[in-house]
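For the sequence shown, position 68 matches number 117 in my numbering, and the numbering has no gaps at all.
See structure below.
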Amino acid sequence: MERDTVVKEVVEALKIFSRDIRTQIDEMGSQLRAEMQETANQLRAEMQQFRAEVNERFDRLEQKFAGLRVELTETQETVHFLASKTIQHEKKLHHLAKQLESIR
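Here you go:
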C-alpha cells in the first residue's frame, strides 16, 4: 500500500511538473509571438518611412526634370530663332555682296 501511495505521489508530482512545463512553454510562446509582432510592426514602420522618403525624392526629381524640360524647350526655341536670324543675315549679306559686285 505504501508503494501505491509513493507511485501516486510520483505520478501527481509528474503531472504538476508537466503542467508547470506546459505553462512555461505557453508563456514563452506568447512572449515570442509578442516580440515577433513588435519586430514586424517596427519593420513596417521603417518601410513606410523609407517609402515616404523615396517618394519625396522622386517628387523632387520629377520637379527638377520638369524644370529642365522647360529650360531645354526654351533653349531649343532660342537656338531655332538664332539659326533663322543667322540665315536671314547670311541671305542679306549674300544679296549685298551681289549688289556690290554688280556696281563694280
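All C-beta atoms, glycine included, are put in the ideal place defined by N, C-alpha and C.
Notebook entry, point to check: Just curious, the alpha helix (DSSP H) that Arg100 is in, first and last residue?
Noted result: Reading the sequence shown from its first residue, position 51 is the one you call residue 100. Residues 51 to 152.
Note to self: Tell me the rounded alpha-carbon separation between Thr135 and Leu110.
What the structure shows: Here the question's residue 135 lines up with position 86 in the sequence shown. Here the question's residue 110 lines up with position 61 in the sequence shown. Spanning the two alpha carbons is a distance of roughly 36 Å.
Checklist line | Distance, Asn104 Cα to Lys64 Cα | finding: The residue you call residue 64 lines up with position 15 of the sequence shown. The residue you call residue 104 lines up with position 55 of the sequence shown. Rounded to the nearest whole angstrom, the CA to CA distance from Lys64 to Asn104 is 59 Å.
Notebook entry, point to check: When you compare only the Cα positions, how much space is there between Glu76 and Phe114?
Noted result: Reading the sequence shown from its first residue, position 27 is the one you call residue 76. Reading the sequence shown from its first residue, position 65 is the one you call residue 114. If I take the Cα positions, the gap works out to 56 Å.
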